[in-house]
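FYI, this note's numbering numbers position 67 of the sequence shown as 67, with every residue one higher than the one before it.
Glycine included, each C-beta is placed from N, C-alpha and C at the ideal position.
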Amino acid sequence: MKNIYSYIFKIQQKIIATIEFKQRIWIVNILKKNKNDGSIVICEDNFNYPFEWMVLNLYTSDMLKLIDKMKTSETKTIYINNEIHHVMRVK
């Protein structure tokens with residue numbers, strides 16, 4: 001019986017994690033060579049896995065951990081290859 005509850009708990013946690021990541025929205029403002037390259041709205045509904053856009057844009061695992069802990073309306077500044085990324089969690 002404990003195995004069934006353990007199994008159900010694991011499934012429940014995976015579902016909750018999937019729902020959470022699918023609801024996140026980020027705004028990333030990028031500065032290249034001190035010029036604003038514009039802002040990007042990133043909705044994780046379109047992602048295949050959490051932080052897909054960030055991974056494809058060479059964010060390190062430490063950067064991803066920092067971003068993962070962000071609360072709504074919080075901003076972080078990330079430095080990547082002579083670019084400055086201002087990341088804000090919107091939702």
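Non-local beta-carbon contacts of Thr60 in its own chain, meaning distances under 6 Å to residues more than five positions away in sequence, are absent. Setting aside the 5 residues that flank it on each side, Asn29 is surrounded in the same chain by Ser39 and His86, each with a C-beta closer than 6 Å to its C-beta; the list follows chain order. Excluding its 5 nearest sequence neighbours in each direction, Thr77 has C-beta neighbours in its own chain below 6 Å: His86, listed in chain order. The alpha carbon of Ile80 has as its nearest neighbour, out of Met63, Ile67 and Ser73, the alpha carbon of Met63. For the region 14–89, the continuous alpha helix (DSSP H) assignments of 4+ residues that do not extend past its boundaries occur at 52–56 and 61–68, in sequence order.
In the structure shown, the three-state DSSP call for Lys91 is coil.
Here Glu44 is buried, its C-beta having at least 16 other C-beta atoms within 10 Å.
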